[in-house]
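Following: one structure in structure tokens, then a few remarks.
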Amino acid sequence: MINKILTGLISGILVGVFVTAIILPETNNLLELFLTKITATSIITGFLCGVYANFSKSKLQVFFVSIIIGIICFYTKYLITGHDLDALTMGAFVGAMLGGILAVVKKLTYSYKVYTKLRRHRRKGFGNYS
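Shown next as structure tokens:
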């Protein structure tokens, strides 16, 4: 559970800094990029998406629900702070990026587990019919 939440937090930080760097290009300092409302909301969205990815079995469902979580988080930020950027589009974009990252990580870890299990069985003689 901790791995998926940490993956969500780290990817939320990276996506938040990336989106902030695109939307606010006049900021040069990395600390200024990190301490914006967009990055903070992306971190919260990443945490919530990581929690949901832990409980869900479907990668496609993680992707779609992450989009919905992103829209809800960014619209809530818009209602609280009155930030003038398009909250729904930004929330869908950040949610889609986080959902895609979490779905790819889930697929890669599952494929690695299957590969190691198959390799272990082949070493024991499974599949040797000669």
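So the number in the numbering used here is just where the residue sits in the sequence shown, counting from 1, plus 39.
Beta carbons: idealized from backbone N, C-alpha and C, even for Gly.
Inspect the beta-carbon positions of residue i and residue j and report whether they are closer than 7 angstroms.
i	j	result
V54	M136	yes
C112	T148	no
A131	I108	no
L72	V56	yes
K146	A92	no
In whole angstroms, what is the alpha-carbon distance linking residue i and residue j?
i	j	result
S150	G121	43 angstroms
D125	Y114	9 angstroms
I119	K96	33 angstroms
C88	R159	33 angstroms
G134	I41	20 angstroms
P64	T80	18 angstroms
Y154	L141	20 angstroms
V143	F103	14 angstroms
K156	R162	10 angstroms
Y117	K152	41 angstroms
L74	F165	54 angstroms
A60	F94	32 angstroms
Could you tell me which of the options sits nearest to residue i, measuring between CA atoms?
i	options	result
V50	I62, T78, L72, L70	Checking the sequence, you will find Ser at residue 50 rather than Val. For the residues I62, T78, L72, L70, the minimum Cα distance to S50 belongs to T78.
L48	I62, I82, T66	I82
S105	T75, Y117, G139	G139
L45	F86, K76, I61	F86
I52	T66, K76, Q100	K76
Whole alpha helix (DSSP H) elements within the segment 117 to 168, 4-residue minimum
126 to 162
Please give the ranges of any alpha helix (DSSP H) in the segment 63 to 120, keeping only runs that are unbroken, at least 4 residues long and fully inside the region.
69 to 73, 76 to 94, 98 to 120
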